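Reminder that position 46 of the sequence shown reads as 1139 in the working numbering, one-by-one numbering, no gaps.
Below: one structure, written as structure tokens.
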Amino acid sequence: MPVYEYLCNDCGPFTDMRPMAECDDPQDCPRCDNESPRVILTAPAFFCMPSDKRKAMATNERSAHAPKTSAEYKAAHGPGCGCCSTGKKKPARLMTKTRSGAKGFPTARPWMISH
């Protein structure tokens, strides 16, 4: 059974577990017994969802409102991560030369044509 939220005019918000068929019906407040309408105060929680999907949805929700600034993005990476550090120079690419002067890159993809 799902948990629904209700708002009592005198006591404030409260929750109650009810059948889905009774989702729109008002509920009596547990403190003062006044009839209270159903309200939506918080987003639904996805407890039955697998943890990897729940984490992905939480990440999407955090990033949906405002993208990270470049300073925030760089702060998320450690020093020397390679994608945003400028202090270290990349190692030189391995290159060979033939007698005719043609350059060869043994680490490159064989289907690539070099200049």
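Think of the CB as a built atom: it goes at the ideal place given N, C-alpha and C, for glycine as much as any other residue.
Since the model is a prediction, treat every value here as computed from it, not as a measurement.
Count the other CB atoms within 10 Å of the CB of residue i; is the residue buried (16 or more) or exposed (fewer)?
i: S1129; result: buried
i: Y1099; result: buried
i: Y1250; result: Given a span of 1094 to 1208 for the chain in the structure shown, any question on residue 1250 remains unanswerable.
i: C1116; result: exposed
Could you have a look at residue i and say whether DSSP puts it in helix, strand or coil?
i: D1109; result: strand
i: K1161; result: coil
i: D1121; result: strand
i: T1135; result: coil
i: S1144; result: helix
i: T1191; result: coil
Could you please give me the residues that DSSP links to residue i through a beta bridge?
i: L1100; result: P1106
Find out if the Cβ-Cβ distance for the pair residue i, residue j is shorter than 8 Å.
i: D1104; j: R1124; result: In the sequence under discussion, the amino acid at residue 1104 is Cys, which differs from the Asp named in the question. Closer than 8 Å, so yes.
i: P1199; j: T1189; result: yes
Mind checking if residue i is an interface residue toward chain D, Cβ cutoff 8 Å exclusive?
i: C1125; result: Considering every chain present, this structure includes no chain D. It has just one protein chain.
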